[in-house]
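Taken in sequence, the protein lines are chains C and X.
Residue numbering for the first sequence follows the UniProt record's numbering, starting at 1 and increasing by one per position.
Residue numbering for the second sequence follows the UniProt record's numbering, starting at 1 and increasing by one per position.
Cβ atoms here follow ideal geometry from the backbone N, Cα and C, with glycine treated the same way.
In what follows, a structure is listed as structure tokens, so that the remarks can point back to it.
Protein chains: 2
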Amino acid sequence: MKISELSDRSGLPVQTIKYYIREGLLPKGTATAATRAEYDGRHLDRLRLIKALREVGDLPIASVQQIVAAVDDDDIPLHRLLGKAQYALGPGTEPHPGDPDWRAAREDVDAIIAELGWRVLPNAPTRDLLAQAFVALRRLGLPIVLTDLRPYIEAAELIADHEVGALSVDEDREKAVQTAVATNVLYERVLLALRRMAQENASAVRFDDEA
Amino acid sequence: MKISELSDRSGLPVQTIKYYIREGLLPKGTATAATRAEYDGRHLDRLRLIKALREVGDLPIASVQQIVAAVDDDDIPLHRLLGKAQYALGPGTEPHPGDPDWRAAREDVDAIIAELGWRVLPNAPTRDLLAQAFVALRRLGLPIVLTDLRPYIEAAELIADHEVGALSVDEDREKAVQTAVATNVLYERVLLALRRMAQENASAVRFDDEA
């Protein structure tokens with residue numbers, strides 16, 4: 001197909017597609033004349049992946065480049081590839097190893113993960129993300145107690161088992177990453193909305209005698 | 001106490017405290033001289049609430065004013081007060097009633113809540129938040145199927161029952177709102193981090209033969 005059709009089908013302007021080619025995110029088309037090139041379904045799939053990473057994952061071009069390179073590198077197993085995509089997603093956190101509160105929180109996080117026996121890499125950004133929330137709660141006078149975490153841990157396991165179980169093993173790598181990023185970001189919003197609705201309902205049931 | 005002590009104990013600069021007084025968020029102290037006023041524990045509690053709303057909830061002054069007014073209005077029952085605080089929290093969404101995709105998604109949301117029998121007000125912003133995520137998923141070729149939602153609904157109920165159950169009935173209104181906002185925002189981050197960790201673990205268990 002021509003670049004104009006690629007643009008129509010991907011929903012991306014021609015200028016954006018050319019920019020992705022210049023940045024090495026998208027392979028060049030097959031030249032059919034001095035100023036013409038032919039594109040195929042692989043280009044469209046790649047554009048859909050880039051679109052998900054950019055628009056849904058809100059990732060900078062540099063992160064997209066790394067993920068796209070990992071998709072193309074068959075030596076990287078699917079589990080590592082999905083991890084790479086997940087690690088690239090925000091929100092970012094900055095570790096504060098000089099701050100004793102932060103260090104204590106990070107030690108709590110590491111102890112909890114060890115206790116759960118979860119296989120989470122030592123450099124996973126989620127460890128810092130959780131530590132950061134622990135610090136903020138403690139500073140508000142609401143320190144975390146392990147029993148308070150129980151329902152969140154149970155809920156996280158319930159959801160993750162469903163999500164990872166739904167991935168097909170022989171899935172195309174490109175499609176698997178696209179789905180994983182979209183699922184991560186958008187089902188996070190689904191979960192956020194449902195949790196707040198469930199709160200409103202539980203509060204109505206418990207406190208609202210009028211209704 | 002003097003304003004300087006109020007500043008020390010709340011962790012807020014004197015200028016910020018004066019600004020909150022001018023904006024009507026914080027009652028004036030009791031004048032003890034032409035340029036001196038005395039503050040008490042109620043002022044400190046109010047400042048802690050404002051701080052949670054501003055710094056954790058990231059709310060604009062106008063929303064803080066509304067919530068503070070509701071805290072002071074004993075005719076507003078606790079359930080409504082907590083709802084008001086929750087509705088003020090982001091992320092904001094804009095309904096798109098002119099867009100057929102959005103309308104269909106919003107109808108799906110309303111049908112799901114009705115089916116669950118959840119007591120969620122028709123104007124709850126969470127309905128639009130969920131509809132927005134549905135639209136984005138559909139546009140990526142990942143339309144929502146009700147069975148896919150099941151684990152998220154179950155997880156949301158699990159968490160909300162715990163959270164609402166943990167609120168003490170005879171809690172001070174000021175403190176209840178402060179805790180609810182902090183819990184909403186910060187435990188959302190806790191849940192986000194735990195879900196991603198649980199994903200990494202589930203993916204390692206399923207796909208990673210090396211480890």
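On a CA-only basis, which of the options is nearest residue i? Give me that one, please.
i: Val-185/X; options: Val-177/C, Arg-36/C, Asp-208/C, Leu-130/C; result: Leu-130/C
i: Ala-198/C; options: Gly-165/X, Ser-203/X, Asp-161/X; result: Asp-161/X
i: Tyr-19/X; options: Thr-32/X, Ala-31/X, Ile-3/X, Thr-30/X; result: Ile-3/X
i: Tyr-187/C; options: Thr-93/C, Gly-29/C, Val-56/C, Arg-46/C; result: Val-56/C
i: Pro-122/X; options: Val-109/X, Gln-132/X, Phe-134/X; result: Val-109/X
i: Glu-200/C; options: Glu-157/X, Lys-28/X, Ala-33/X; result: Glu-157/X
i: Leu-12/C; options: Ala-34/C, Glu-38/C, Ala-52/C, Gly-24/C; result: Ala-52/C
i: Val-190/X; options: Ile-17/C, Asp-148/C, Val-120/C; result: Asp-148/C
i: Ile-50/X; options: Pro-143/X, Val-64/X, Leu-137/X, Gly-29/X; result: Val-64/X
i: Pro-77/X; options: Ala-193/X, Arg-173/X, Phe-207/X; result: Arg-173/X
i: Asp-101/X; options: Arg-138/X, Glu-163/X, Ile-61/X, Leu-44/X; result: Arg-138/X
i: Ala-69/C; options: Pro-60/C, Leu-81/C, Leu-59/C, Arg-9/C; result: Leu-81/C
i: Pro-95/X; options: Ala-85/X, Gln-86/X, Arg-106/X; result: Arg-106/X
i: Ile-153/C; options: Val-181/C, Val-177/C, Glu-115/C; result: Glu-115/C
i: Arg-127/C; options: Leu-140/C, Leu-142/C, Glu-163/C, Tyr-87/C; result: Tyr-87/C
i: Val-120/C; options: Ala-193/X, Glu-23/X, Glu-38/X, Met-1/X; result: Ala-193/X
i: Val-181/X; options: Asp-58/X, Leu-142/X, Ala-133/X; result: Asp-58/X
i: Arg-206/X; options: Pro-60/C, Phe-207/C, Glu-163/C, Asp-40/C; result: Glu-163/C
i: Ala-202/X; options: Asp-208/C, Asp-170/C, Ile-112/C, Ile-159/C; result: Ile-159/C
i: Arg-42/X; options: Ala-133/X, Leu-25/X, Ala-155/X, Ala-33/X; result: Leu-25/X
i: Asp-72/X; options: Gly-141/X, Arg-46/X, Leu-89/X; result: Arg-46/X
i: Asp-40/C; options: Arg-9/C, Ala-33/C, Pro-60/C, Gln-66/C; result: Arg-9/C
Taking 8 Å as the CB-CB limit, is residue i close to chain X?
i: Glu-200/C; result: yes
i: Ala-52/C; result: yes
i: Val-56/C; result: yes
i: Ala-182/C; result: yes
i: Ser-7/C; result: no
i: Ser-4/C; result: no
i: Pro-13/C; result: no
i: Glu-23/C; result: no
i: Thr-16/C; result: no
Quick one: does residue i have its CB under 8 Å from some CB of chain C?
i: Arg-206/X; result: yes
i: Pro-143/X; result: no
i: Ala-19/X; result: Position check: residue 19/X holds Tyr in this sequence, whereas Ala was assumed. No, its Cβ sits nowhere closer than 8 Å to a Cβ of chain C.
i: Ser-10/X; result: no
i: Pro-151/X; result: yes
i: Glu-94/X; result: no
i: Asp-157/X; result: For the record, residue 157/X in the displayed sequence is Glu; it is not Asp. At least one chain C Cβ lies under 8 Å of Glu-157/X.
i: Glu-107/X; result: no
i: Glu-154/X; result: yes
For the ligand ADP, I want to know if residue i counts as a neighbour, meaning its beta carbon is within less than 7 Å of at least one of the ligand's heavy atoms.
i: Tyr-87/X; result: Ligands displayed in this structure: none; no statement on the ligand ADP is therefore possible.
Within 10 angstroms of the Cβ of residue i, are there 16 or more other Cβ atoms? Answer buried if so, exposed if not.
i: Arg-196/X; result: buried
i: Ser-168/X; result: exposed
i: Gly-98/C; result: exposed
i: Gly-117/C; result: exposed
i: Val-135/C; result: buried
i: Pro-125/X; result: buried
i: Leu-6/C; result: buried
i: Ala-211/X; result: With a pLDDT of only 46 at Ala-211/X, under 50, the local geometry of the prediction cannot be trusted, and no value is derived from it.
i: Pro-27/X; result: exposed
i: Gly-92/C; result: exposed
i: Asp-74/X; result: exposed
i: Thr-35/C; result: exposed
i: residue 265/X; result: What the structure shows of chain X is the stretch from 1 to 211, and residue 265/X is not part of that stretch, so it cannot be assessed.
i: Pro-151/X; result: buried
i: Arg-22/C; result: exposed
i: Gln-15/C; result: exposed
Determine which residues share a DSSP beta bridge with residue i and list them.
i: Glu-115/X; result: In DSSP, Glu-115/X forms no bridge with anything.
i: Arg-36/C; result: Ala-33/C
Going along the chain, which residues of the segment 114-139 of chain X sit with their C-beta nearer than 7 Å to a C-beta in chain C? Trp-118, Arg-119, Val-120, Ala-124, Thr-126, Leu-129, Leu-130, Ala-133, Ala-136, Leu-137
Taking a Cβ distance cut-off of 9 Å, strictly less, list which residues of the segment 159-179 of chain C are near chain X, in chain order. Ile-159, Ala-160, Asp-161, His-162, Glu-163, Val-164, Gly-165, Ala-166, Leu-167, Val-169, Gln-178, Thr-179
Contact set between the segment 60-83 of chain C and chain X, restricted to residues whose Cβ is under 9 Å from the partner: Pro-77, Leu-78, His-79, Arg-80, Leu-82, Gly-83
Short of 8 Å Cβ to Cβ, which residues in the segment 185-197 of chain C face chain X? Leu-186, Tyr-187, Glu-188, Arg-189, Val-190, Leu-191, Leu-192, Ala-193, Leu-194, Arg-195, Arg-196, Met-197
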